[in-house]
Amino acid sequence: MTLSPWTRRLLGAFTALTLLFVYAPLMLVLLNSFNTSRTFAWPPPGYTTEWWGRAWESSGARSAVVVSLEAAVIATAVALVLGTMAALALQRFEFFGRDTVSLLIILPIALPGVVTGIALANAFLTMFGIELGFFTLVVSHATFCIVTVFNNAVARLRRLGNSLEEASADLGAGSVTTLRLVTLPMLRSALLAGALLSFALSFDEIIVTTFTAGGGVQTLPIWIYQNLFRPNQAPVVNVVAAVLVVLSAVPIYLAQRLAGGDVEATTH
């Protein structure tokens, strides 16, 4: 489609405004992490790296980072296994209620986080009698991480079809051998992209975490929220928030690159 010069300029202007609206607050957080003023005076009266040193020395922040990393890694691993199995079952087999099961798998990420958090907390405490803690945190994160892996795997399976798997079966390979040597290699990059997105979602999740982590578990987003309005901690929070933005952006960028490369490869 050919666009007129005025249309291209208009679209470029709207794109620039959108990017400014989204990223200006993030840049402000990064700038305030070097602000000498504890009250975030604007414009900054001076710049310092003192808060970065204090953030590094903060035992609470370091502990919260470790908890977030552990929860994200375990939730992503669980999501990889369950999401892949669900995608294979729903895409490769016909059975009654398949569309309903697919909807139920996708539903957790579509529901408001408050609803999901309350529902999971009630289920853990009343239905299963499980005390809220690290285990319930991982399970709750896995519920929405499964969706990202599932969506990536289903999209890849639909695009590739099942001709290679049928050829493998015709050559005498069993179902396990076909899964190991044909299906999973075809899904590898899609699953990696889903895992990266799942890790990013879990690492910076706060709403569901608030309801399911309990009082003894503190993730990095929870630590940021609890220390945001403390005068002595506010500058350190800006540093941690800036680092969190970078840590969250890296896996999303890698997942986008992987997805983009797959799409390009399938078009040639």
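By full-length UniProt numbering, the letter at position 61 of the sequence shown is numbered 61, and the numbering carries on one by one without gaps.
Beta carbons are placed, not taken as given, at the ideal position from N, Cα and C, and that holds for glycine.
Apart from the five residues on each side of it in sequence, which residues of its chain come closer than 8 Å, Cβ to Cβ, to residue i?
i, result
"Leu181", "Ser168, Ala173"
"Leu160", "Met186"
"Val245", "Leu26, Val29, Leu30"
"Arg8", "none"
"Ile130", "Phe124, Thr136"
"Arg158", "Gln91"
On the premise that residue j lies in contact with residue i, defined as a C-beta separation below 8 Å, what is that separation, rounded to the nearest angstrom?
i, j, result
"Asn227", "Gln218", "Their Cβ separation, rounded to whole angstroms, is 10 Å, which puts Asn227 and Gln218 out of contact at 8 Å."
"Val208", "Ser140", "5 Å"
"Ala86", "Ile106", "The pair is not a contact, with the Cβ atoms about 10 Å apart (cut-off 8 Å)."
"Asn162", "Arg92", "7 Å"
"Thr210", "Gly117", "6 Å"
"Leu120", "Thr212", "5 Å"
"Leu220", "Ala64", "4 Å"
"Thr183", "Glu165", "6 Å"
What does a CB cutoff of less than 7 Å around residue i pick up in its chain, not counting 5 residues either side in sequence?
i, result
"Leu80", "Val149, Leu191, Ala195"
"Ala241", "Val29, Ile224"
"Trp6", "none"
"Thr48", "Phe34, Thr36"
"Leu3", "none"
"Glu57", "none"
"Pro108", "Thr116, Thr143, Phe144, Val147"
"Gly55", "Checking the sequence shown, residue 55 turns out to be Ala, not Gly. Cβ neighbours of Ala55 beyond the five flanking positions: Ala61, Val236, Val239, Val240."
Taking residue i as part of the alpha helix (DSSP H), name the residues at either end of that continuous run.
i, result
"Gln91", "59-92"
"Met127", "Here Met127 belongs to no alpha helix (DSSP H), and DSSP marks it neither H nor E."
"Thr209", "207-212"
"Gly12", "5-32"
"Leu220", "220-227"
"Leu107", "98-110"
Note down, in chain order, each residue of its chain lying with its Cβ closer than 6 Å to the Cβ of residue i, except the 5 sequence neighbours on either side.
i, result
"Ile74", "Val138"
"Ala255", "Ala193, Leu196, Leu197"
"Pro44", "Asn35"
"Val154", "Ala87, Gln91"
"Arg156", "Leu187, Ala190"
"Leu10", "none"
Is residue i close to chain B? Criterion is C-beta to C-beta, closer than 7 Å.
i, result
"Val245", "Absent from the structure: chain B. Only one protein chain is present."
The stretch 243-257 touching the stretch 172-183, judged by at least three CB pairs closer than 8 Å: no
Complete alpha helix (DSSP H) runs within the stretch 136-202 (minimum length 4 residues, chain order): 163-170, 175-178
Three or more C-beta pairs below 8 Å linking the stretch 98-115 and the stretch 123-134: no
Cβ pair count under 8 Å reaching 3, the stretch 140-155 against the stretch 201-217: yes
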